[in-house]
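Colleague: Take 56 as the starting number for the sequence shown in my numbering and just add one per residue.
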Amino acid sequence: MNPTLSNAELFRTSDHFDGTLWSIEERRAPSRSGSYLAFYSTEFYRIPNNTDFLDRHGYVAAALLSTFYLNLYQYLAVARARKAAGIAYPQMYADKAEMAASDAAKTFNYAQRAHGNTLESVPFVLMSTAVAAIEFPKFAAASLGLWSLFRFVYTISYTSGGPTKRNRLMGATGSSISMMSLLLAGTYAAARISFGW
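1) Rounded to whole angstroms, what is the Cα-Cα separation between P218 and Y165?
2) L237 and A187 look like a contact to me (Cβ under 8 Å); what is the Cβ gap, rounded to whole Å?
3) Can you find the residues in the same chain that come closer than 7 Å, C-beta to C-beta, to A246, ignoring five residues on each side of it along the sequence?
4) Taking the straight line between their C-alpha atoms, what separation do you get for S212 and R221?
5) Taking one C-beta from the stretch 223 to 243 and one from the stretch 180 to 195 each time, how about it: are there three or more such pairs within less than 8 Å?
6) Do A118 and G200 come within 7 Å of each other at the CB atom, strictly closer than that value?
7) Based on Cα-Cα distance, which residue from G216, I248, A155, A197 lies nearest to I232?
8) Per DSSP, what kind of secondary structure is N222 in: helix, strand or coil?
9) Jot down the residue ranges of each uninterrupted alpha helix (DSSP H) in the stretch 156 to 225, minimum 4 residues, whole runs only, in chain order.
10) Can you tell me whether DSSP reads D150 as helix, strand or coil?
11) Which value, in whole angstroms, describes the spacing of the CA atoms of V133 and S249?
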C-alpha cells in the first residue's frame, strides 16, 4: 500500500474464483484538478491442493481428458477399417467402385466419417466447456462427459450399421443436445462475466 493513498477508496473484486487465484485492487485518490486517478495492483496467490477451485474443477479436467480417449478410439477404428479394406494412405475415403466391390470399404468410409464429424465439433465443444466451466464447472464437466459418451455410441453405431444406424441409442441426438447445452451455458457464463449479471 502506498502511504500517500491512506484515505483512498479501496475496491476488491469478488471475482468468480473467490480470491483464490487473484485479486485486483483499485485505489482512487483526488488529483490537484479535483478529478480522480485510479491505481491498479494485481496480487497473485499460489493455489493449494485443497482449494475450492480445484475441488470444483477437477471434474472438468477429467471430462476434458475423455475427449482424448474418444479421439484415440476413433483413430484406431479408422486404422483397423483402412487395413481391412486395403485402402492406402493418403486416400481419405473409398470411392464408389471400391464401396460396390467391398463391404470393408463401406465400413472404412463409415468409420472415417464418424471420426471426421467428431473432429468438426471438437473445437466448439472444448471452447464452450472452457467458458462454461468458469461459472458452472460441474455442469460443464457433466455435459462434456455425456458428449464424449454419446460420441462413443455414435461411432460404434455408425461404423457397424452405416448412416441409417448412427443415431442408435441416441448417439447422434444425445451428443447434439450435450453440445447445445455447453454452448448455451458458455454463452450465459460469458455474459455474466462481461456484464456482471
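The beta-carbon is built from N, C-alpha and C at its ideal position, and this holds for glycine as well. Computed from a prediction, not measured in an experiment: that's the story for all the values here.
Modeller: In short, the structure shows the following:
1) Taking the straight line joining both Cα atoms gives about 7 Å.
2) A Cβ-Cβ distance of about 6 Å is found for the pair L237 and A187, placing them in contact under the 8 Å criterion.
3) Around A246: W252.
4) Between S212 and R221, the C-alpha separation is close to 5 Å.
5) Three or more beta-carbon pairs drawn from the stretch 223 to 243 and the stretch 180 to 195 are found closer than 8 Å, and the two stretches are therefore classed as touching.
6) Yes, these two residues count as a Cβ contact at 7 Å.
7) Per the Cα distances, A197.
8) Here N222 sits in coil by DSSP.
9) You should have 158 to 190, 192 to 216.
10) In this structure, D150 counts as coil in the three-state DSSP scheme.
11) Each residue's alpha carbon lies about 42 Å from the other.
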